[in-house]
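First to last, the protein sequences are chains G and P. So that you can map any letter, position 8 of the first sequence is 8 in our numbering, and since no number is skipped, the others follow by simple counting. For our numbering, count along the second sequence from 1 and bump the result up by 1000. Where is the CB? At the ideal position from N, CA and C, for every residue including glycine.
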Amino acid sequence: MSLSDEDVVDGVLAGEKELYAVLVQRYQRPVYNLMYRYSLHAEEAADLTQEVFLRTFDRLRSFRSGSSFFPWLYALAINQANDWSRKRSRHKVKMDGYGQESTLSESPADQQTLMEAKETEAVVDRALAVLPVKTRELLIFRYRHDRSIREAASVFKLSESAVKMRIKRGLDELQQELQKAGFDGTQGL
Amino acid sequence: MEHKDFDRNELERLLADTWEREVPPWLLTRIMANIDDRRPSLYERMRNWWVRPQSVSFSPAWLALTVTVTVCAFWLGMMNGQKRQAEIIAGAVPALAGTAEANYLIGRGLLVAGREDQALPFLRQAVQQDPGTAEFALWQGVAYQALGESEEERQSYLFSMREQPDYLPALLNLGHNYLESGQYQEALVQYEKVLQVNPVESSALYNRALAYRMLEEPVRAEQAFLRYLDYHRTGKWVLRATRHLHQLGNFTFRSYPIGPGRVVLNVTALLSQDVKARRQELMHLAGALSRAPGTELHLVVYNQGDRNAAKASAIALQKQLTQYLGNGHAVPVRGSWFDVAESFTDANGQERQLTTSLLIFTRSYEKSNRRKSI
């Protein structure tokens, strides 16, 4: 039987630092994808993911035993992504006169990978990208990561009824976007 | 085009099954290497000491000692909070690695942690070990940039391009470097090279226009900002580009409040007879409207001295937009027209008058239908 997240956390806190690799292995994919959706840049997403796991490691003592590890980690990751967005926009303001927008572009390999994604998934991704960021992330957390309303409420710091309402509204918007896209593989948004 | 309706379950299934990017295979190793380098900070070590079980017996000397230790711990904690990064650096900088790849990854990790001065030796070592990899020299340049060493930064990008002359990130960063140091002509050369590789590169298009402005070449600046807006319509740089154009006396693009946000549209295209040109702009508008439910849209066309032309434009726009929004769309579209010039405030807050123009705004649907009774 594999170790539970809580067992791993206890082990790390007891000094077995190498056990932390288990948590990184389990959750690096959702965190990396979250960061990619914010940064739209593979290297940047990797750097941000690393930062999230290092911060999480530093704060491991504040993780409350008995609660789920993933929502706790995800809440830290969302905060990190929002901080990054804010800093990035501040940087842009600072650079006002010279408007340096970004230092690196997405690599052709990533674009190629994206193009090779299944058509339906690409259409859904494009439709998701049109939604407000918080709504998009709420839908992904709820359905892609199969998490409860209660967990979503704690991660996004909303009441459970607000989460339900936003999810309903988000699904409606997503449906409209998909219908606009035709979903026949011939036209994007 | 065939349309397909989704029920709620199908949507949920699509969301659950959507594709995710693969994590870079080296990420786990890099994270764990950084974890291994970490040691508890002074604050954490003191906290661990403080929270461990201790037997306390009361005596005046013990009380005095406890208070002293508490005050010292608090003070050290405060000091350490400010110097924590430096503490980590002092205790945890790894030695240079044997391979270029390892030095590069460590350097990148240190850059992410904001330790640029520590990152630089690793990135330099990576370049020395493998001068043929353009990416290593590029990131050496990024580290120099973070340290404010502009000349070394530039040399790094130039070095990077020796091996790969069309390496886009290095071309772009070199352009930014020239622009920041006031060498606008050189910056333009680099941005042109970037645009040959990628004609829609956002920052190259925008910064090229800025360089022309700095060189006081208004006509070229205007054309360059127009080109930027032809390709890009989201983000705050779009609003800035619109402001620059208005300062240059060009009102081809205007920014309109749609619901909670703003959308920048090409007014000339919208008022033209070209259905295809209007289509692109109306699709931008339709996208913005989808994020503003509960509103109604007003399209107001001005054409000084020609009421019929104004009316024809308003009706054509209204019809075409309604068509794109589809049957049963949530946002009613109202059209109106005037045979006078429009007075408006431009993106820089200046009062303007345009003989032919278009005003677009949204109002709350409930508010606009509210009946007033006396």
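Buried or exposed for residue i, going by 16 or more other Cβ atoms inside 10 Å?
i	result
D47 (chain G)	buried
W1026 (chain P)	exposed
L178 (chain G)	buried
I1360 (chain P)	buried
Q1350 (chain P)	exposed
P1199 (chain P)	exposed
K180 (chain G)	buried
S1203 (chain P)	buried
T1295 (chain P)	buried
A1221 (chain P)	buried
S1343 (chain P)	exposed
L3 (chain G)	exposed
S1156 (chain P)	buried
G952 (chain P)	Any question about residue 952 (chain P) goes unanswered here, given that chain P covers just 1001 to 1374.
R1030 (chain P)	buried
Y1231 (chain P)	exposed
V1071 (chain P)	exposed
N979 (chain P)	Absent from the model: residue 979 (chain P). The displayed extent of chain P is 1001 to 1374, so no value can be given.
Q100 (chain G)	Reliability fails at Q100 (chain G), whose pLDDT of 36 lies under 50, so the model's placement of it is uncertain and the value that follows must be treated cautiously. So Q100 (chain G) ends up on the buried side.
V1142 (chain P)	buried
E173 (chain G)	buried
Check the Cβ of residue i against every Cβ in chain P and list those closer than 7 Å, keeping chain order.
i	result
N33 (chain G)	E1020 and R1021
L139 (chain G)	L1015
Y36 (chain G)	R1021
Quick one: which chain P residues come within Cβ less than 9 Å of residue i?
i	result
V130 (chain G)	G1287, S1290 and R1291
D146 (chain G)	A1016
Y74 (chain G)	In chain order: nothing, as chain P lies at least about 14 Å away.
Which chain G residues sit within Cβ distance under 8 Å of residue i?
i	result
R1008 (chain P)	L171
N1034 (chain P)	Q50 and L54
P1257 (chain P)	None at all; the shortest Cβ gap to chain G is about 17 Å.
Please compile the residues from chain G whose C-beta is within a distance smaller than 7 Å of the C-beta of residue i.
i	result
R1028 (chain P)	Sequence check: residue 1028 (chain P) is Leu here, not Arg. In chain order: A21, V24, Q25 and Q28.
V1112 (chain P)	D47, Q50 and E51
Name the chain G residues whose beta carbon is nearer than 9 Å to that of residue i?
i	result
I984 (chain P)	Residue 984 (chain P) lies beyond the stretch modelled for chain P, which goes from 1001 to 1374, so this question has no answer here.
P1025 (chain P)	Neighbours of P1025 (chain P) on chain G: none; closest Cβ ~11 Å, over 9 Å.
Kindly list, in the order they appear in chain P, the residues whose Cβ is closer than 8 Å to that of residue i.
i	result
V124 (chain G)	L1014, L1015 and T1018
Take every Cβ of the region 24–34 of chain G, pair it with every Cβ of the region 1017–1031 of chain P, and state whether three or more of those distances are shorter than 8 Å.
-> Judged by pairs of C-beta atoms under 8 Å, the region 24–34 of chain G touches the region 1017–1031 of chain P, as three or more such pairs exist.
Minimum length 4: unbroken alpha helix (DSSP H) runs contained in the region 1–54 of chain G | Here the runs fully enclosed are 5–13 and 20–39.
Check whether the region 36–52 of chain G touches the region 1–19 of chain G, counting contact only when three or more Cβ pairs, one atom from each stretch, lie closer than 8 Å.
-> With the cut-off at 8 Å, the region 36–52 of chain G and the region 1–19 of chain G do not touch.
The region 163–180 of chain G contacting the region 75–87 of chain G, beta-carbon criterion three pairs below 8 Å | Result no; under three Cβ-Cβ pairs closer than 8 Å.
Which residues, in chain order, does the region 8–24 of chain G contribute to contact with chain P at a C-beta distance below 7 Å?
-> Answer in chain order: K17, Y20, A21 and V24.
Note down, one range per segment and in chain order, each beta strand (DSSP E) of at least 3 residues found wholly within the region 1322–1363 of chain P.
-> Counting only runs of 3 or more, we get 1333–1338, 1342–1345 and 1351–1354.
Report yes or no: do three or more beta-carbon pairs, one from the region 1343–1359 of chain P and one from the region 1318–1327 of chain P, lie closer than 8 Å?
-> Because the criterion of three Cβ pairs below 8 Å is not met, the region 1343–1359 of chain P and the region 1318–1327 of chain P do not touch.
Would the region 1327–1346 of chain P and the region 1294–1314 of chain P be scored as touching if the rule is three or more Cβ pairs under 8 Å?
-> These segments touch.
Segment contact, 8 Å Cβ cut-off, at least three pairs: the region 50–70 of chain G with the region 132–141 of chain G | With a cut-off of 8 Å, the region 132–141 of chain G and the region 50–70 of chain G do not count as touching, because too few Cβ pairs lie within range.
Residue ranges of each alpha helix (DSSP H) within the region 1269–1329 of chain P, 4 or longer = Along the length of the region 1269–1329 of chain P, whole alpha helix (DSSP H) runs at least 4 residues long occupy 1275–1289 and 1307–1325, reported in chain order.
Does the region 1267–1278 of chain P come close enough to the region 1234–1244 of chain P that 3 or more CB-CB pairs lie under 8 Å?
-> Contact fails between the region 1234–1244 of chain P and the region 1267–1278 of chain P, because fewer than three Cβ pairs, one in each stretch, are under 8 Å apart.
Residues in the region 1102–1130 of chain P having any Cβ partner in chain G nearer than 9 Å | From the region 1102–1130 of chain P, only R1108, G1109, L1111, V1112 and A1113 have a Cβ closer than 9 Å to chain G.
4 or more residues per run - each alpha helix (DSSP H) lying fully within the region 1199–1278 of chain P = Runs of the alpha helix (DSSP H) lying entirely within the region 1199–1278 of chain P and spanning at least 4 residues, in chain order: 1202–1214, 1218–1231, 1236–1247 and 1267–1270.
Ranges of the alpha helix (DSSP H) found wholly within the region 1086–1137 of chain P, counting only runs of at least 4 | Entirely contained in the region 1086–1137 of chain P, the alpha helix (DSSP H) runs reaching 4 residues are, in chain order, 1100–1112 and 1116–1129.
Mind the definition here: the region 1134–1145 of chain P touches the region 1158–1173 of chain P only if three or more C-beta pairs lie below 8 Å; say whether that holds.
-> Counting Cβ pairs under 8 Å, three or more are found: they touch.
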